[in-house]
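Protein chains in written order, with the numbering used here: chain D, 173 to 547; chain Y, 543 to 842. One structure is given below, encoded as C-alpha cells.
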Amino acid sequence: MKNKNLFRWTAVAALLFFFVTFSFAQKADTIKIGVAGSHTGDLASYGLPSVHAAELIVKNINAKGGLLGKKLELIVEDEACKPELATNVATKLVSSRAQAVIGHICSGATKAALGTYKDAGIIVISPSATSPELTHSGQYPNFHRTIAPDDAQGKLVADFALKTLKLRKFAVLHDKGDYGKGFAEYAKKFLETSPEATVVLYEGITPGAVDYSAIVQKIRYSGAEAVVYGGYHPEAASIVQLMRRRNMKTVFISDDGVKDQTFIKVAGRAAEGVYASGPKDTTKNPLAVAAIEEHKKAYGAEPGAFYLNAYSATLALVNAIAKAKSTQYAAVHKALRMHATDTPLGKIKFSAGGDAIGVGFSMYQVKNGVYTEIK
Amino acid sequence: MNFFWDLFLGGLTRGSIYALIALGYTMVYGILQLINFAHGEIYMIGAFTALIVASILTLQGLAGLPVLILAGLIAVLYASAYGFTVEKIAYKPLRQASRLSPLISAIGMSIFLQNYVMLAQTSDFLPFPNLLPPSDFLDAISVWIGPSDFVIIVTSAVVMIALSLLLKFTKMGRAMRATAQDREMAMLTGVDVNRIISRTFIIGSSLAAIGGILIASHVGRINFYIGFNAGIKAFTAAVLGGIGSIPGAMVGGLVLGLAESFGTGYISSDYESVFAFAILILILIFKPDGILGRSSQQKV
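What follows is the structure in C-alpha cells.
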C-alpha cells in the first residue's frame, strides 16, 4: 500500500517537474512564427517545402543574431489541407502566441483558418493559396500571398490574346475539372469585357476520351481564330495534333497545366507556336539559385512545390518585422506594403488587398521544341 | 464538306474502334458468360507494344509501310499471348466456380495489368507516332476524309467481315458457335471446349490490339490508363448491341460512336458521356437484351 502511494507521488512530482521546465522554456524571449499547412497525407508534397524554406531562413537569421535582438522560433503545425483541422491549428497557433503565420497551403484550409487569425491580429502570408476571393473580397485584411491568384492567369491570357495577338473570335474549352474550368471561366469573363471580342464556343470536353475529332470539327466550323483551353497537357496534346492534321491554323492558347515539357514531347511538331501561361521564369534570379542550392545542401534533394514562394514569403515577413522594428500587427501590415524585399521571386511588396506585386505569370510560346518566355 | 458529314465520319471512326473492342467482350461473354474486364488492358498493351516495336524499328532505319505492318503484327501476337495467358491464369481455374468469382478475378487482372505497365514502362503520356506512310491516294482523299479516319474505318470493316466469315464458314467458327449455344452439349459432341475458349480469347485480344494501334496512331498519345475508358465504352457498346451477339457488338459500337459524335457536334461536348449512357438506358428500356440480342431463356 505504501509502495503504491510512493509511486503515485513520484509520478505527480515528475509531471510537475515537466510542466515547470516546459513553462520555463516557453518564457524564453523569441519571435514565434507559425508554419501551417499540409505536412502529412496526399498533399504533403505541397506543404513540406514551405517548412524547409522557413527552417532555412530562421537558421540563417538566428546564426546572425536574430531579429530585433530576439531569436526566431518556428511552430510547425499540420492540417493535411483539411479545413476542419485548419481551424484547430489556427486556435493552437494563436494560443501559443505566434506573431505571424506562413501558410496555409490549400485555399480551402486557409479560408477556414483566416477568421481566427484576423480576430487575434495575426499576419498571414500564404505561399500557395490561390483562391481569388481571399484577397479580392476584402474580408481578410491580415491575409497576404506570394503566389498569383487563380484569375490572374485568365486575365493575362485574355489580355494577351486581345491586345498582343489582336484576335477577336474565341473558342473557350476546358476539361471540366476544377483547375481547367476555373481558368476557362475567368478567361471567358475577361475576353467578354472587350466589346469587339466574341466567344463563339464555350464547352467542356471529357478527359481521357478515346477521340476528340468531334470537338475539333466543332472548333473548325465555329470559325474561331483561337482556342483558349483550360486543362492539362494530355488532352491539349491530342486536340492540337488533330487540329494540325486537319490543316487548321487556329491559334492555341492555354494555361500552366499545358506549360509542361511533356506536352511538347507528346504533341511533337504540332506543339510549335502554341501559347501557354506559366509562372514567371525565376531560374535566372541569383537569389532563387542560391535558395535552391541551400535546400540541396541542407536536405540533399531538389526543393518541391511552392518552395520559392514560401522562401519569399518568409523573407518578406522577416524584412517587414525588421523595418517596422516591432511585431505589432499594424506596423508589420504597413511595412509589408511600404518596403519592397529582394526575394527569389523578384523584388516584391504587397498590394492593398494582400497580393504580392510583381509575382505572377508570363506568356510562353513553343519555339523549336521549348517554351520560351515572351517579353 | 459540311459539318454533318464530318461529324458522321468522326463518329464512324470512333464507333469502329468501340466495335473492335466490343467484339472481344461479346465473344467471351457468349462462350463463358463472363465479362472480361481485363479486355481494355489488352487493348492498351497492344498499343504499347506497337509503340515499342515501332520505335525500335525506326531506330534501325526502317520507315513507312514495313514499320506499320511489323509493329502491327508483333503487337497483335503479343497482345494475343497476353489474352491467352490471362484466361489460363485468371479464368480457367475458376471455370466451375460461381459466376462472381471470375468477375472479381477479371477486375483484379485489369488492375494488375494497368499497374504492371505503369511500373514497367512509365506513368507519363508518351507520344505515339503517326504510323501511316504518306501516300498520294490518302492525300487525294484527305479533302473528304482524314487519312487516319479512312484507314481506321476500312481496317475495321475488313477485320469485322473476316471475323464474320471465319465464324460462319470454318470448322473452328462452327465449334465456337456451338460452344456459345451450349457448352456441355458441345463437349459431348467432341468439341475441345478449352481450346475453343483459348482461341476466343486470342481472337478477341487481336481485335483489341488492332483497335489500340489504330486509335493511338490517330490521337497521337498513350499511357497505361487508356484501356480503362475505352474498355468501359466498348463494354457499353457490347451491351447496347446485345451482349453475346457478334453483329450486335458491331452495331452497338457504331451507334455509340455516332451518338457521341453528333451529340458533341450539335448539342455540347459537356454531355458526351451523358448521350452514350442515355442511349444505353433508352434501348435497354425498350429492348432489354440490346439491339440485336436474343432474349435468353432461363435454363431450368
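By construction, the Cβ of each residue, glycine as well, lies at the ideal position given by its N, Cα and C atoms.
Just tell me which of the options has its CA closest to the CA of residue i.
i: Leu619/Y; options: Val595/Y, Leu636/Y, Thr600/Y and Tyr633/Y; result: Val595/Y
i: Ser623/Y; options: Leu834/Y, Gly746/Y, Thr721/Y and Ser643/Y; result: Looking at the sequence shown, residue 623/Y is not Ser but Ala. Ranking Leu834/Y, Gly746/Y, Thr721/Y and Ser643/Y by Cα distance to Ala623/Y puts Gly746/Y first.
i: Ser558/Y; options: Leu655/Y, Arg716/Y and Val793/Y; result: Val793/Y
i: Cys278/D; options: Lys521/D, Thr202/D, Arg317/D and Thr288/D; result: Arg317/D
i: Ser449/D; options: Asp201/D, Gln325/D and Ile203/D; result: Gln325/D
i: Pro321/D; options: Pro313/D, Lys335/D, Asn260/D and Ser303/D; result: Ser303/D
i: Lys204/D; options: Gln500/D, Asn177/D and Gly541/D; result: Gln500/D
i: Leu674/Y; options: Phe546/Y, Ile631/Y and Ala605/Y; result: Ala605/Y
i: Ala758/Y; options: Thr591/Y, Met651/Y, Ile598/Y and Leu554/Y; result: Thr591/Y
i: Ile768/Y; options: Ala225/D, Pro406/D, Ser385/D and Tyr393/D; result: Pro406/D
i: Met535/D; options: Ile229/D, Val184/D, Lys231/D and Leu328/D; result: Leu328/D
i: Ile577/Y; options: Phe804/Y, Arg836/Y, Gly784/Y and Phe777/Y; result: Phe777/Y
i: Ile744/Y; options: Val570/Y, Leu551/Y, Thr555/Y and Phe550/Y; result: Val570/Y
i: Ile294/D; options: Ala301/D, Ser267/D and Gly310/D; result: Ser267/D
i: Gly541/D; options: Tyr483/D, Lys437/D and Ala470/D; result: Lys437/D
i: Ile549/D; options: Val248/D, Ala502/D, Ala488/D and Tyr543/D; result: Residue 549/D cannot be examined here, being either before or after the span of chain D that is shown, 173 to 547.
i: Val296/D; options: Val531/D, Leu508/D and Lys353/D; result: Leu508/D
So, with DSSP's three-state summary, where would you put residue i?
i: Arg340/D; result: coil
i: Thr370/D; result: strand
i: Gln723/Y; result: helix
i: Leu562/Y; result: helix
i: Ala528/D; result: strand
i: Pro676/Y; result: coil
i: Gln433/D; result: helix
i: Tyr447/D; result: strand
i: Met420/D; result: coil
i: Ser747/Y; result: helix
i: Val842/Y; result: Low confidence applies here, because Val842/Y scores a pLDDT of 44, under 50, leaving its location unreliable; read the following figure in that light. In this structure, Val842/Y counts as coil in the three-state DSSP scheme.
i: Gly213/D; result: coil
i: Ile520/D; result: strand
i: Tyr808/Y; result: helix
i: Gln656/Y; result: helix
i: Arg741/Y; result: helix
i: Arg641/Y; result: coil
Apply the 10 Å Cβ neighbour rule to residue i and answer buried if 16 or more other Cβ atoms are within range, or exposed otherwise.
i: Pro458/D; result: exposed
i: His308/D; result: exposed
i: Ala662/Y; result: exposed
i: Arg688/Y; result: Before going on, a small fix: residue 688/Y reads as Gly here, not Arg. Buried is the call here.
i: Arg641/Y; result: exposed
i: Leu707/Y; result: exposed
i: Gly209/D; result: buried
i: Leu607/Y; result: exposed
i: Met718/Y; result: buried
i: Phe522/D; result: buried
i: Glu251/D; result: buried
i: Asn481/D; result: buried
i: Gln840/Y; result: Any reading at Gln840/Y needs caution, since the residue's pLDDT is 44, under 50, leaving its predicted position unreliable; the model's value is listed next. The residue in question, Gln840/Y, is exposed, as its Cβ has fewer than 16 Cβ neighbours within 10 Å.
i: Gln413/D; result: buried
i: Lys710/Y; result: exposed
i: Thr422/D; result: buried
i: Val842/Y; result: Only weak support exists for where Val842/Y lies, its pLDDT of 44 falling under 50; the value from the coordinates is given anyway. Exposed, by the Cβ-count rule.
i: Met586/Y; result: buried
i: Ala750/Y; result: buried
i: Gln638/Y; result: exposed
Our contact map puts residue i next to residue j with C-beta atoms below 8 Å; I'd like the distance itself, whole angstroms only.
i: Ala330/D; j: Ala359/D; result: 5 Å
i: Val382/D; j: Ala699/Y; result: Contact doesn't hold; Cβ gap of about 18 Å is too wide.
i: Gly807/Y; j: Phe545/Y; result: 7 Å
i: Leu756/Y; j: Thr712/Y; result: Not a contact, Cβ separation roughly 25 Å.
i: Tyr384/D; j: Val430/D; result: Tyr384/D to Val430/D, Cβ: 15 Å. No contact.
i: Ala564/Y; j: Ala780/Y; result: 4 Å
i: Gln562/Y; j: Val685/Y; result: One point to set straight first is that residue 562/Y is Leu, not Gln, in the sequence displayed. Not quite, the Cβ-Cβ distance comes to about 27 Å (not below 8 Å), so this is no contact.
i: Ala485/D; j: Pro299/D; result: 5 Å
i: Thr532/Y; j: Ile695/Y; result: Since the first residue of chain Y shown is 543 and the last is 842, residue 532/Y is not available in this structure.
List, in order along the chain, the chain B residues whose C-beta lies closer than 7 Å to that of residue i?
i: Ile584/Y; result: Absent from the structure is chain B; the protein chains it does hold are D and Y.
query = Of the residues that make up the stretch 408-420 of chain D, which ones have a beta carbon closer than 8 Å to any beta carbon in chain Y?
reply = Residues Ala409, Ser410, Gln413, Leu414, Arg417 and Arg418.
request  = Using a Cβ-Cβ cut-off of less than 9 Å, list which residues of the stretch 460-485 of chain D approach chain Y; keep chain order.
outcome  = Residues passing the 9 Å Cβ filter: none.
task = Below 8 Å between beta carbons is the criterion; list the residues of the stretch 807-830 of chain Y that meet it against any residue of chain D, in chain order.
result = In summary, the residues of the stretch 807-830 of chain Y whose CB is separated from some CB of chain D by less than 8 Å are Gly807, Ser810, Ser811, Asp812, Glu814 and Ser815, in the order they occur in the chain.
Residues within the stretch 640-672 of chain Y neighbouring chain D, beta-carbon criterion of under 9 Å = Those would be Asp666, Phe667, Leu668, Pro669, Phe670, Pro671 and Asn672, in chain order.
task = Below 8 Å between beta carbons is the criterion; list the residues of the stretch 743-763 of chain Y that meet it against any residue of chain D, in chain order.
result = Answer in chain order: Ile757, His760, Val761, Gly762 and Arg763.
key: Interface residues of the stretch 385-402 of chain D facing chain Y [CB-CB below 9 Å]   = Of all residues in the stretch 385-402 of chain D, Ser385, Ala386, Ile387, Val388, Gln389, Lys390, Arg392 and Tyr393 have a Cβ within less than 9 Å of some Cβ in chain Y.
ask   = Listed in chain order, which residues of the stretch 330-349 of chain D have Cβ atoms closer than 9 Å to some Cβ of chain Y?
value = Cβ contacts with chain Y: Leu345 and Lys348.
Residues, ordered as in the chain, of the stretch 370-381 of chain D that lie near chain Y by beta-carbon distance below 7 Å = Residues of the stretch 370-381 of chain D whose Cβ lies closer than 7 Å to any Cβ of chain Y, in chain order: Glu375, Gly376, Ile377, Thr378, Gly380 and Ala381.
task = Below 9 Å between beta carbons is the criterion; list the residues of the stretch 436-453 of chain D that meet it against any residue of chain Y, in chain order.
result = The stretch 436-453 of chain D vs chain Y, Cβ under 9 Å: Lys437, Val438, Ala439, Gly440 and Ala442.
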